[in-house]
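Asks: The structure that follows is given in the form of structure tokens.
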Amino acid sequence: MSKQHMMVFTDLDGTLLDHFTYDFSPVLPMLVKLEAKQIPVICNTSKTFAETIVLREQLDLHTPFIVENGAAVYLPKKLFTQQPDDTIDSGDYWLKTFTKPRAHWLALIEQYKQQHQCSFVGFSKITHKQLVEITGLTLTQVALAKQRQFSEPIQWVDKNDSKSEFIAYLKQAGANVLQGGRFIHVSGHCNKGLAMNWLVNVYQKASLKQTNTTYNSGEITTVALGDSYNDIAMLEAADVAILIRSPVHDFPRIKNQNKDNRATKTKVHKQIYSSELGPKGWAQEINNLLLNTKTEEVNHG
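For the sequence shown, the working numbering gives the first residue as 4, with consecutive numbering after it.
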């Protein structure tokens with residue numbers, strides 16, 4: 004039997020972070036256990052690069068990370084022995100982008116607003132003080148959240164039928180629109196699932212520093228954790244999808260299907276629904292998964 008490897012991809016807001024307080028203390032013991040088992044934890048978030056690098060430091064994570072709903076992947080240079088294919092140099096990171104820059108989407112949104120009477124406001128137009136009230140973030144955190152590179156979150160305050168017209172217009176213009184926990188996210192045709200699969204392929208081919216694990220020596224099992232609609236692509240692309248209970252909305256609906264997404268052998272797409280909210284649910288389900296996983300073999304259920 005070939006050796007099995009595991010990679011964990013996680014949403015942040017409402018999943019690893021509490022929806023209201025952004026507390027992550029319940030997950031810390033599990034992060035230590037995962038690191039001891041050399042299982043990488045990859046942040047796959049709607050947050051910006053600036054926000055994510057701060058959180059990674061607080062969480063003591065040193066792995067690659069995916070930002071702005073799959074718009075870009077940042078790979079720490081110190082982790083890889085050579086530059087991965089199809090990436091560019093970005094300071095301490097190799098960068099892979101999947102979409103046009105934010106300015107392109109801002110122009111589309113402004114064009115629509117000039118032609119239609121509707122009530123919404125983009126992230127770029129919301130004041131720091133207003134964002135503190137909307138999100139519960141601090142002023143410092145809001146400043147980081149505003150440093151978007153590839154997407155524009157929209158706060159919608161008009162009727163839902165107007166929102167559907169807005170979304171249809173943007174899609175026709177080449178945008179991808181995702182509903183998050185608090186905002187509508189406008190970007191290109193990228194998503195968390197595509198970025199996740201791209202990074203898995205990098206791990207299968209790359210030579211990594213500071214680890215005894217060689218990912219091209221066996222099969223990789225992906226575990227994804229998320230709570231919202233913008234997590235659906237990631238959850239559906241994963242081998243094990245862990246849906247985290249939210250205090251503000253229902254579980255996102257995802258397809259239940261068998262798949263073979265890495266041309267190795269057919270896997271069972273397993274869905275798990277947490278009973279606990281947010282980071283407590285994250286910690287509980289990761290602990291259950293580790294208890295049911297042997298050292299050399301991943302149980303697909």
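Just so it is clear, CB atoms sit at the ideal spot from N, CA and C, and this is done for glycine as well.
Would a C-beta distance cut-off of 8 angstroms place isoleucine 45 and leucine 202 closer than the cut-off?
Replies: If you number the sequence shown from 1, residue 45 lands on position 42. If you number the sequence shown from 1, residue 202 lands on position 199. Result yes, Cβ atoms of isoleucine 45 and leucine 202 sit closer than 8 angstroms.
Asks: Which of helix, strand or coil does DSSP assign to glycine 221?
Replies: Stepping through the sequence shown from its first residue, residue 221 is reached at position 218. Of the three classes helix, strand and coil, the one that applies to glycine 221 here is strand, per DSSP.
Asks: Output yes or no for whether 8 angstroms exceeds the beta carbon distance between glutamine 274 and alanine 244.
Replies: Here residue 274 refers to the residue found at position 271 when the sequence shown is read from its first residue. Here residue 244 refers to the residue found at position 241 when the sequence shown is read from its first residue. Cβ atoms of glutamine 274 and alanine 244: closer than 8 angstroms.
Asks: State the start and end residues of the unbroken beta strand (DSSP E) segment that holds phenylalanine 123.
Replies: Your numbering for residue 123 matches position 120 in the sequence shown. Where phenylalanine 123 is concerned, the enclosing beta strand (DSSP E) stretches over 123 to 125.
Asks: Within 10 angstroms of the Cβ of isoleucine 236, are there 16 or more other Cβ atoms? Answer buried if so, exposed if not.
Replies: For the purposes of this step, residue 236 is taken as residue 233 along the sequence shown, with counting starting at 1. The residue asked about is misnamed: residue 236 is alanine in this sequence, not isoleucine. Buried is the call here.
Asks: Please classify serine 28: is it buried, with 16 or more other beta-carbons within 10 angstroms of its beta-carbon, or exposed?
Replies: As a position in the sequence shown, residue 28 is number 25, starting the count at 1. It counts as exposed.
Asks: Would you mind giving the Cβ-Cβ distance between serine 190 and threonine 48, rounded to the nearest angstrom? I have them listed as a contact below 8 angstroms.
Replies: Position 187 of the sequence shown holds residue 190. Position 45 of the sequence shown holds residue 48. With a Cβ gap of about 13 angstroms, serine 190 and threonine 48 do not count as contacting.
Asks: In terms of residues, what are the limits of the alpha helix (DSSP H) holding alanine 110?
Replies: Within the sequence shown, the letter at position 107 stands for residue 110. Counting along the chain, the alpha helix (DSSP H) containing alanine 110 begins and ends at 105 to 118.
Asks: Taking the alpha-carbon positions, what's the lysine 258 to alanine 240 distance?
Replies: Mapped onto the sequence shown, residue 258 falls at position 255. Mapped onto the sequence shown, residue 240 falls at position 237. Roughly 10 angstroms separates the two Cα atoms.
Asks: When you compare the CB positions of leucine 15 and lysine 50, do they come within less than 8 angstroms of one another, or not?
Replies: The residue given as residue 15 occupies position 12 in the sequence shown. The residue given as residue 50 occupies position 47 in the sequence shown. Yes, Cβ-Cβ distance for leucine 15 and lysine 50 is below 8 angstroms.
Asks: Would you mind reading off the limits of the beta strand (DSSP E) that contains valine 70?
Replies: As a working mapping, residue 70 is identified with position 67 in the sequence shown. Taken as a continuous stretch (DSSP letters only), the beta strand (DSSP E) holding valine 70 covers 68 to 70.
Asks: What distance in whole Å lies between the Cβ atoms of threonine 224 and methionine 9, which are believed to be in contact at a cut-off of 8 angstroms?
Replies: One-based indexing of the sequence shown puts residue 9 at position 6. One-based indexing of the sequence shown puts residue 224 at position 221. Indeed, because the Cβ distance is near 5 angstroms, the residues count as touching under 8 angstroms.
Asks: Between which two residues does the alpha helix (DSSP H) carrying tyrosine 276 extend?
Replies: For the purposes of this step, residue 276 is taken as residue 273 along the sequence shown, with counting starting at 1. First-last for tyrosine 276: 273 to 280, but that is the beta strand (DSSP E), not the alpha helix (DSSP H).
Asks: Report the partner residues of lysine 6 according to the DSSP bridge assignment.
Replies: Here the question's residue 6 lines up with position 3 in the sequence shown. According to DSSP, which records beta bridges pairwise, lysine 6 is partnered with Gly221.
Asks: Please state whether DSSP places alanine 266 in a helix, a strand or coil.
Replies: For the purposes of this step, residue 266 is taken as residue 263 along the sequence shown, with counting starting at 1. Summary for alanine 266: the model assigns pLDDT 43, below 50, so the residue's position carries little reliability; its value from the coordinates is reported in the next sentence. Coil.
Asks: Using CA coordinates, which residue listed in Arg59, Val76, Tyr115 is at the minimum distance from lysine 166?
Replies: Mapped onto the sequence shown, residue 166 falls at position 163. Taking only the C-alpha atoms, the option nearest lysine 166 is Tyr115.
Asks: Three Cβ pairs or more, each shorter than 8 angstroms: is that satisfied between the segment 173 to 191 and the segment 58 to 70?
Replies: No: fewer than three Cβ pairs fall under 8 angstroms.
Asks: In the DSSP assignment, what are the bridge partners of isoleucine 289?
Replies: Against the sequence shown, residue 289 aligns to sequence position 286. Paired residue(s): none; isoleucine 289 is not in a bridge.
Asks: Mind checking whether phenylalanine 169 and arginine 151 have CB atoms under 8 angstroms apart?
Replies: The count along the sequence shown starts at 1 and reaches residue 169 at position 166. The count along the sequence shown starts at 1 and reaches residue 151 at position 148. For phenylalanine 169 and arginine 151, no; Cβs fall outside 8 angstroms.
Asks: Which class does histidine 22 belong to by DSSP, given the choice of helix, strand or coil?
Replies: Start at 1 with the first residue of the sequence shown, and residue 22 comes out as number 19. Coil.
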